[in-house]
Structure formats: C-alpha cells, structure tokens
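For reference, the structure discussed in these notes is given below.
Residue numbers (the numbering used here): 15 to 130.
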C-alpha cells in the first residue's frame with residue numbers, strides 16, 4: 015500500500031492500477047512540482063477511464079461477419095488506451111482536476127503550516 019498525504023491507495027494489478035502511476039503521483043507530490051502533478055493526475059484519470067471503457071466493451075456481445083482474433087484484441091486495447099489519454103487531457107470526467115486540486119490544497123496547507 016502506498017500513502018499519499020494520509021490517503022491510502024491500494025496499488026497493484028488486482029485493482030487495475032499500474033504501480034508506476036502511483037509512484038509518479040507520490041514523487042510529484044513530494045517535490046511540490048505542479049506541472050508533474052497535473053500530468054500524473056491526468057495519467058491516473060486516463061488509466062481509470064481505460065479500465066472503465068474496457069469493462070464496458072466486455073459487456074458488448076461478440077460476433078458478426080468477421081472472425082475476431084488476438085490482433086483485434088490488441089488493437090482494441092491500444093485504441094481504448096489512446097482514447098482514454100485523449101479524453102483525460104481534454105478534461106475527462108473531472109477526476110484528474112479533482113485529484114489535482116485536492117493535492118495542491120494539501121501542499122499549500124502543509125507549506126503554510128511549516129511557515130508559521
């Protein structure tokens with residue numbers, strides 16, 4: 015388990031979240047780098063959107079005129095990942111902004127506390 019300023023985050027493949035994004039969030043947070051933090055939040059949202067879209071795709075019945083193979087699965091996964099990244103960079107569902115605002119607020123509060 016990782017800890018981001020008191021927020022426990024269960025990282026791992028069982029949750030569908032790559033450990034590297036959690037590491038990026040923690041590093042950007044600890045370095046107080048707003049640009050890196052924003053990028054990490056967008057990447058986190060893209061992973062979440064990708065997971066949601068892939069689960070939605072599984073609910074669609076397979077079949078049709080053409081036989082589907084492993085190449086189709088790979089293409090669809092890559093396509094969903096790119097759509098998710100693009101959606102996140104254009105505002106997504108607001109998860110990256112919510113996460114970013116929350117973490118920036120914690121950074122600013124911690125900084126004010128240290129000054130006093």
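Ideal Cβ positions, reconstructed from N, Cα and C, are used throughout, including at glycine. Remember, it's a predicted structure, so these values are computed and weren't measured experimentally.
Quick one: what's got a C-beta closer than 7 Å to residue i's C-beta in the same chain, skipping five residues either side?
i: residue 50; result: 42
Just the C-alpha distance for residue i and residue j, rounded to the nearest angstrom, thanks.
i: residue 70; j: residue 81; result: 21 Å
i: residue 115; j: residue 72; result: 33 Å
i: residue 117; j: residue 63; result: 20 Å
Tell me which same chain residues have a C-beta within less than 6 Å of the C-beta of residue i, skipping the five on either side of it?
i: residue 60; result: 98, 99, 102
i: residue 68; result: 94
i: residue 57; result: 35
i: residue 52; result: 114
i: residue 107; result: none
Could you tell me the boundaries of the alpha helix (DSSP H) in which residue i lies?
i: residue 53; result: 48 to 72
i: residue 82; result: No alpha helix (DSSP H) contains residue 82, which DSSP labels as neither H nor E.
Whose C-beta lies closer than 8 Å to the C-beta of residue i among residues of the same chain, with five residues either side of it excluded?
i: residue 111; result: 55, 105
i: residue 92; result: none
Measuring only between beta-carbons, confirm whether residue i sits less than 7 Å from chain D.
i: residue 78; result: The structure shown has no chain D; it contains just one protein chain.
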